[in-house]
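Chains as they are written, first to last, in my numbering: chain W, 1 to 346; chain P, 1001 to 1346; chain B, 2001 to 2346; chain Z, 3001 to 3346. The beta carbon of each residue, even a glycine, is placed where N, CA and C say it ideally should be. Please read the structure below before turning to the comments.
4 protein chains.
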Amino acid sequence: MIRVGVCGFGYWGPNLCRNFAVNPGFRVTAISDRREAARAKAASLGSDIRLYEEAHDLVDDPNVDAVVVATPAASHFDLARRALARFKHVLVEKPMCVSAEEGAELVALADRVRRVLMVDHTYVFHGAVRKIEELMRTGALGAVSYFDSLRVNLGLFQPDMNVLWDLAPHDFSILDHLFGEEPDEIEATGHCHVNPVHPDIAYITMHFPSSMIAHFSLSWMSPVKVRRIAIGGANQMVVWDDLNQEEKLKIYDSGIEFQPEDERSVIVPAYRIGDVHSPRIPPGEPLAAIIGHFGNVIAGRETSRLDGHHGLRVVRMLEKTQAVLNANLAARDQRRAPPASSVASR
Amino acid sequence: MIRVGVCGFGYWGPNLCRNFAVNPGFRVTAISDRREAARAKAASLGSDIRLYEEAHDLVDDPNVDAVVVATPAASHFDLARRALARFKHVLVEKPMCVSAEEGAELVALADRVRRVLMVDHTYVFHGAVRKIEELMRTGALGAVSYFDSLRVNLGLFQPDMNVLWDLAPHDFSILDHLFGEEPDEIEATGHCHVNPVHPDIAYITMHFPSSMIAHFSLSWMSPVKVRRIAIGGANQMVVWDDLNQEEKLKIYDSGIEFQPEDERSVIVPAYRIGDVHSPRIPPGEPLAAIIGHFGNVIAGRETSRLDGHHGLRVVRMLEKTQAVLNANLAARDQRRAPPASSVASR
Amino acid sequence: MIRVGVCGFGYWGPNLCRNFAVNPGFRVTAISDRREAARAKAASLGSDIRLYEEAHDLVDDPNVDAVVVATPAASHFDLARRALARFKHVLVEKPMCVSAEEGAELVALADRVRRVLMVDHTYVFHGAVRKIEELMRTGALGAVSYFDSLRVNLGLFQPDMNVLWDLAPHDFSILDHLFGEEPDEIEATGHCHVNPVHPDIAYITMHFPSSMIAHFSLSWMSPVKVRRIAIGGANQMVVWDDLNQEEKLKIYDSGIEFQPEDERSVIVPAYRIGDVHSPRIPPGEPLAAIIGHFGNVIAGRETSRLDGHHGLRVVRMLEKTQAVLNANLAARDQRRAPPASSVASR
Amino acid sequence: MIRVGVCGFGYWGPNLCRNFAVNPGFRVTAISDRREAARAKAASLGSDIRLYEEAHDLVDDPNVDAVVVATPAASHFDLARRALARFKHVLVEKPMCVSAEEGAELVALADRVRRVLMVDHTYVFHGAVRKIEELMRTGALGAVSYFDSLRVNLGLFQPDMNVLWDLAPHDFSILDHLFGEEPDEIEATGHCHVNPVHPDIAYITMHFPSSMIAHFSLSWMSPVKVRRIAIGGANQMVVWDDLNQEEKLKIYDSGIEFQPEDERSVIVPAYRIGDVHSPRIPPGEPLAAIIGHFGNVIAGRETSRLDGHHGLRVVRMLEKTQAVLNANLAARDQRRAPPASSVASR
């Protein structure tokens, strides 16, 4: 029975506790949150749960064997490091931390203390991703030439966050998990509507050694929520609409085939617009699967699918993309800046 | 009664003829197409229609007062110029031509011979665009900060065409018509799956002096057809899904409003996720409206909403975007090219 | 080359002419309509088409080999009989006529004069119906236990028509074509909002000897158009949404399987909520296929799938259902009528 | 602080506990379930919750002030009566009980002991119903002429239940709540696929004194889940699709208007197919609202919207409908039964 302490009882904390509660291998023994209201809510989960105002105190609690870090991103590194240093297993919410340097230190520390460091990249355990893995493994999909993600909604604006770090971790972890390839070129542009230094719209394009292209359209400014990923293989194409309750994943048997040009000298591809197949995605909450996996990895029954190395690669992609984005925004600002003289003349 | 000659009876020709047939102001008197099968099909429209193999001969036919150019893009300039030179009115399919230089010459010629030069940018007459114009005029929308278009399908690959020139004319004409603003910066990247020199996927981002950002996601490699344009205004946001038969246009009363940060130091915007309103879009085929407009402009009853200047601006945007796209692709090829030595050693 | 005369150039006439025009086996030589505006529109189809005000005169035209009856239902019998009597082939719009007695006479007459009598029950040639036939033939569907149709829209109210005769012919022809079974019991109820003697909402339930149950929900009072047919087989279930452009037909591998009761004494059926498969429905307009079929049957190349016997069975089902509906409405009126005395006392 | 005991920890029990847990006015102090696994699950909610195998014992527990009856329908009456007899407030899951006689006794008992008897007809607290109430109150909807419900899914077959008692309580409570009118005529037919005595498909039509017609299409045999209610008013029509996450409720400004007949003697109604308006439905779980209401009614702060009288009317409609359905099925069986002789001859 692993005793779990949950740092942060905001949006995600209650989901974590609900899922730990039904897993016989774990028991939530402590919860921390700076907000009194959040602690009051946590209290309703049971009188035997210790409540802390400061996450540090929870991490230090000897009755906690594993720490879940569900606080704002900026504090992930500090808490995860402290927990590992006290020989506790750690499950960190995405993103694992806010720099590759931090990430590398966490990975090294976890190795040294021989404790489990896991990142909660939920989608890696999503039935749709598992189905896509299967299509890749069996060769049904064929060589993938593009990955296109549309991930938009009306955003929760946070001064310490931009749309890239909020939404892209999902896409990057899916991409890394499915292809295990790092891009050899990243293009990024965007727009700041609300917070002058944090883009709320970002368009990212990545080019990979395998010649696959990936595009990410991220926005906090969309009136409708969209979660749509299209993956194009040589044999089949897949569209995953995560908000479609009935048919999340659709598989199209519609690769392109070449044909001799007709007189109008047009390559008419045999579209092979064939049938559409929508495999059943077993319901089950990914979070429950991740918690089960966390327990199995701690017990040595499974090797981690979401270890620190995976988390680190995702953070590295975020960091690199952020750098390109910053350069792009800075260049535009400069181009648009009035000449010094005119400024002086004001 | 204006006597119309239609050059090209492929995909669009029949639609043109059908719409001219029901417009009392016009009569189709001639049709040209190099393909015998196409001419046979044209013959079924009536025994009184003269059929030509060569478009040039149709243009020269004295019984033709107005020429519709529905041939492949490369021939638009030549045919339109020839028709204008013979003092005939011209309606050209999109794109008007394949270079700004050609476009400028056509515009100048049309002015000189005092004939109507119109481009068939169908969407400008689409009920949805007219509704959006109204929302802008009345101020309901508010200052527009982004324009985002997703225009994808399985493409008809043509050696003399790429996805940009096939799909972007629609978006660029809508953009030019609604905002009348030319971008001060264009970013473009893409991918060539099928034809090594013609991208079949293109991602374009434009930045405008008004600080509006526009993004275009174009693909011939998508298994599903999508025609979705989102426009974000300060007061309202609009999503136009042209494939939604029942509710093409949805208006969201969901601008962002700022609020004091709460203790968790999060700017929680009052999403104002309000009601969704879907105004009725009168059915009516845009093409019928354009043909009516063409007649009215010829008769001097209306001033053109689709004149050569508009067509030229669209071609100029296409040309500039193509240049950026070419540079981007070339740079990548070079980066990936093996060093000369290794080439030599082969 | 069969010379066709089309009676009635209202809503459906133009579609008929368009499809005959592209079929090399036919030529439309005459069109009739009482409305001058309709004739003017017809004139635009070609100067070589004879126009008639009276359908009778068109039927009598010696240059007409085959007559298409696209006038209001009440006149179908008279025109079809007249055409057959003049040894002309006949294609009648649905319903074939307005009584089984009329229908039987037309069938007998067609046999006697050895001419083709065909009813335009378009859906029988719809790709979805053909796919369902295939699923039945191969046994994939299994024994069908229910047929459920939701066919509603905002109606075009006609004093000589009710919602049953307007919408049910589609369902009844599909049902007859797929199952060739006549119901041994019909239940029908409805409501009259607009025209006191013609229901604009009707609910019909049929029970068949095979123990299949069929239900039809018909309405002219729905703000949204719905065309949805669900068919439940022992092995698979099918839902045909005719307004879904992308996936008209969905096949669910989700029959019921019994299991031992669990302690809560609940039969938990293994839902077998399996994958959803949406076979490609070849585009092609059914009307074009029917016209091709009409030509082939006239030429003796095919035996009719839409002959008078089929049309008669559909009319008989309509007539029987109408009788039940009338009785149901009458009974309710009577129940609600005030007692004679109270009427007298007014 | 009201101490709550929950009888039955199957499908709905956990949802009840979760919602009581976050309501400061209540505390769940006891849970009963005959199944050990269910009790084990309940134990995870907190060590301070007393667990019972027998619901009776929970009802008798002096530390329980209010009893929630979430056991199978057959036991509702016995448990609710026992709880009221011990002067405890009662919240019963739908249906309140299985006969009007039982219902009347519970209502009388609740009055006598002055305790709150409430039925958990969740939908009455659904944002969509509240919006429809508003449209009725303001007259925006106009006189309602029809109510049409399509409520189908793949069912959980229970030997002590049929599709009517499983699904219709939702519709009947919505109907009673909105219109407070009892039908003066009920028609019902159906089909038994799985359990020979319990229909799994039922079609019900009700006629009301106000001349409104209501139809309910209920099925446990549908491969797809549908929850769709259409309500037709003289001025507006409403379609509530409860599975549409984004736009549950759509309001159509599309009443029928009469016009003079045109020459073709067709009443062309001005469809007024106007705009579609989708008001925002505040998220919030109805169950949370019902529990809040339960607390307020107990405290005398609100009068009950879901009292025993409402529950009784719903049960009465179920009972009457069941009687009609039984007669309908019996009549068909008899018609189909072989004549006695033939039986003898076997």
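Going by alpha carbons, who is nearest to P/Arg-972 out of P/Leu-1079, P/Asp-1048, P/Ala-1040 and P/Val-1116? There is no way to answer for residue 972 of chain P, as the model of chain P reaches only from 1001 to 1346.
Can you list the residues of chain B that P/Glu-1246 reaches, using a CB-CB cut of under 9 Å? Position 246 of the second sequence holds residue 1246 of chain P. By Cβ distance, chain B contributes Val-2224, Lys-2225 and Leu-2243.
Spatially closest choice to P/Lys-1088 from P/Met-1118, P/Met-1096 and P/Ala-1073, by CA coordinates: Residue 1088 of chain P sits at position 88 when you count from the first residue of the second sequence. Ranking the options by Cα distance to P/Lys-1088, first place goes to P/Met-1118.
Going residue by residue through the stretch 2003-2075 of chain B, where are the continuous beta strand (DSSP E) segments of at least 3 residues, counting only ones entirely within it? At a cut-off of 3 residues, the continuous stretches assigned as beta strand (DSSP E) that sit fully inside the stretch 2003-2075 of chain B are 2026-2032, 2050-2052 and 2066-2069.
Using 10 angstroms around the beta-carbon of Z/Tyr-3123, count the other beta-carbons present and answer buried if the total reaches 16, otherwise exposed. Taking the first residue of the fourth sequence as 1, we reach residue 3123 of chain Z at position 123. Its Cβ being crowded by 16 or more others within 10 Å, Z/Tyr-3123 is buried.
From the beta carbon of P/Val-1239, is the nearest beta carbon of chain W less than 8 Å away? One-based indexing of the second sequence puts residue 1239 of chain P at position 239. Taking Cβ atoms only, chain W reaches closer than 8 Å to P/Val-1239, which makes this a yes.
DSSP three-state call for Z/Ala-3140: helix, strand or coil? Residue numbering aside, residue 3140 of chain Z sits at position 140 when the fourth sequence is read from its first letter. The answer is coil: DSSP assigns Z/Ala-3140 none of H, G, I, E or B.
Alpha carbon to alpha carbon, how far is P/Val-1276 from W/Val-224? Give it in angstroms, no decimals. Numbered from 1 along the first sequence, position 224 holds the residue referred to as residue 224 of chain W. Numbered from 1 along the second sequence, position 276 holds the residue referred to as residue 1276 of chain P. Answer to the nearest angstrom: the Cα atoms are 10 Å apart.
Counting contacts by CB-CB distance shorter than 8 Å, is W/Ser-265 in contact with chain Z? The residue given as residue 265 of chain W occupies position 265 in the first sequence. With a pLDDT of only 41 at W/Ser-265, under the threshold of 50, the placement of this residue in the model should not be trusted; the figure read from the coordinates follows. By this cut-off, W/Ser-265 is not an interface position.
Interface residues of chain B around P/Val-1061 at Cβ under 7 Å? By one-based count along the second sequence, residue 1061 of chain P stands at place 61. According to the sequence as given, residue 1061 of chain P is Asp; it is not Val. The contacting residues do not exist; P/Asp-1061 stays about 19 Å from chain B at best.
B/Gly-2292 in three-state terms, based on DSSP: Against the third sequence, residue 2292 of chain B aligns to sequence position 292. Three-state result, B/Gly-2292: helix.
I need the DSSP call for Z/Arg-3151, collapsed to helix, strand or coil. On the fourth sequence, residue 3151 of chain Z is found 151 positions in, with the first residue counted as 1. Here Z/Arg-3151 sits in strand by DSSP.
What do you get for Z/Lys-3303, buried or exposed, if any count of 16 or more other CB atoms within 10 angstroms of its CB means buried? Indexing the fourth sequence from 1 puts residue 3303 of chain Z at position 303. Before going on, a small fix: residue 3303 of chain Z reads as Thr here, not Lys. Burial call: exposed.
Indicate the three-state DSSP secondary structure (helix, strand or coil) for W/Pro-199 in the structure shown. Working through the first sequence from its first residue, we reach residue 199 of chain W at position 199. Coil, per DSSP.
Among Z/Ile-3281, Z/Ala-3288 and Z/Arg-3301, which has the Cα closest to the Cα of Z/Asn-3023? Stepping through the fourth sequence from its first residue, residue 3023 of chain Z is reached at position 23. Z/Asn-3023 has its Cα closest to that of Z/Ala-3288, out of Z/Ile-3281, Z/Ala-3288 and Z/Arg-3301.
B/Ser-2145: buried (16+ other C-beta within 10 angstroms of its C-beta) or exposed? Reading the third sequence from its first residue, position 145 is the one you call residue 2145 of chain B. Buried is the call here.
Here's a check: name, in chain order, each residue in its chain whose Cβ is nearer than 6 Å to the Cβ of B/Ser-2003, leaving out the five neighbours to either side. Along the third sequence, one-based indexing puts residue 2003 of chain B at 3. Checking the displayed sequence, the identity of residue 2003 of chain B turns out to be Arg instead of Ser. Once the five neighbours on either side are set aside, the close Cβ partners of B/Arg-2003 are Arg-2027, Thr-2029, Asn-2063, Val-2064 and Asp-2065.
Roughly how many whole angstroms lie between the Cα atoms of P/Phe-1009 and P/Gly-1127? Mapped onto the second sequence, residue 1009 of chain P falls at position 9. Mapped onto the second sequence, residue 1127 of chain P falls at position 127. Cα-Cα distance, rounded: 27 Å.
Pairing CB atoms from the stretch 2235-2254 of chain B with CB atoms from the stretch 3213-3227 of chain Z, are three or more of them under 8 Å? yes
I need the DSSP call for W/Thr-321, collapsed to helix, strand or coil. Working through the first sequence from its first residue, we reach residue 321 of chain W at position 321. Note: W/Thr-321 maps to helix in three-state DSSP.
Check the DSSP bridge columns for B/Ser-2278 and list the partner residues they point to. Residue mapping note: residue 2278 of chain B aligns to position 278 of the third sequence, counting from 1. Paired residues: W/Val-276.
Name the DSSP beta bridge partners of Z/Val-3092, please? For this step, residue 3092 of chain Z is matched to residue 92 along the fourth sequence. Bridge partners of Z/Val-3092: Z/Val-3069 and Z/Val-3119.
Which bits of chain B does P/Ala-1021 rub up against, with CB to CB less than 7 Å? On the second sequence, position 21 is the one that residue 1021 of chain P refers to. Within 7 Å Cβ-Cβ: Ser-2044.
Contact defined as beta carbons within less than 8 Å: I believe W/His-56 pairs with W/Arg-82. What is the distance between those atoms, to the nearest angstrom? The sequence position of residue 56 of chain W within the first sequence is 56, counting from 1. The sequence position of residue 82 of chain W within the first sequence is 82, counting from 1. The pair is a contact, with the Cβ atoms about 7 Å apart (cut-off 8 Å).
Do W/Ile-204 and W/Val-163 have their C-beta atoms within less than 8 Å of each other? Sequence index remark: in the first sequence, residue 204 of chain W carries index 204 (1-based). Sequence index remark: in the first sequence, residue 163 of chain W carries index 163 (1-based). Judged by beta-carbon spacing, W/Val-163 lies beyond the 8 Å limit of W/Ile-204, meaning their Cβ atoms are not closer than that value.
Near-chain Z residues of the stretch 2209-2220 of chain B (beta-carbon distance less than 7 Å), N- to C-terminal order: Ile-2213, His-2215 and Ser-2217
Do you know offhand how far Z/Arg-3301's Cα is from Z/His-3293's? Taking the fourth sequence and counting its residues from 1, one reaches residue 3301 of chain Z at position 301. Taking the fourth sequence and counting its residues from 1, one reaches residue 3293 of chain Z at position 293. Straight-line Cα distance between these residues: approximately 9 Å.
For B/Glu-2036 and B/Pro-2072, what's the separation of their Cα atoms in angstroms? Position 36 of the third sequence, counting from 1, holds the residue named residue 2036 of chain B. Position 72 of the third sequence, counting from 1, holds the residue named residue 2072 of chain B. A straight line joining the alpha-carbon of B/Glu-2036 with that of B/Pro-2072 spans about 17 Å.
With distances taken Cα to Cα, identify the nearest neighbour of Z/Met-3001 among Z/Met-3212, Z/Asn-3326, Z/Ala-3330 and Z/Gly-3295. Counting from one through the fourth sequence, the residue named residue 3001 of chain Z turns up at place 1. Closest option to Z/Met-3001, Cα to Cα, is Z/Gly-3295.
Chain B within 8 Å of Z/Ile-3201, Cβ atoms only: Position 201 of the fourth sequence, counting from 1, holds the residue named residue 3201 of chain Z. Judged by the 8 Å Cβ criterion, Z/Ile-3201 is in contact with chain B.
Test item: CB-CB of W/Pro-169 and W/Pro-282 under 8 Å: Start at 1 with the first residue of the first sequence, and residue 169 of chain W comes out as number 169. Start at 1 with the first residue of the first sequence, and residue 282 of chain W comes out as number 282. Not a contact, by the Cβ cut-off of 8 Å.
Per-residue burial, P/Asp-1333 [other beta carbons within 10 Å of its own, 16 or more giving buried]: Start at 1 with the first residue of the second sequence, and residue 1333 of chain P comes out as number 333. Exposed: under 16 other Cβ atoms inside 10 Å.
Quick check on Z/Tyr-3252 - is its C-beta less than 8 Å from some C-beta in chain B? Position 252 of the fourth sequence holds residue 3252 of chain Z. Chain B, which has a Cβ nearer than 8 Å to the Cβ of Z/Tyr-3252, makes this yes.
Restricting to Cα atoms, I'd like to know which of W/Gly-180, W/Lys-250 and W/Val-197 is closest to W/Ser-210. Walking along the first sequence from the start, residue 210 of chain W turns up at place 210. The option with the nearest alpha carbon to W/Ser-210 is W/Gly-180.
Whole runs of the beta strand (DSSP E) within the stretch 3180-3249 of chain Z, excluding any shorter than 3 residues: Runs of the beta strand (DSSP E) lying entirely within the stretch 3180-3249 of chain Z, each at least 3 residues long, are 3185-3191, 3201-3207, 3213-3219, 3221-3233 and 3237-3241 in chain order.
Any C-beta of chain P sitting closer than 8 Å to the C-beta of B/Asp-2048? As a working mapping, residue 2048 of chain B is identified with position 48 in the third sequence. So, interface residue.
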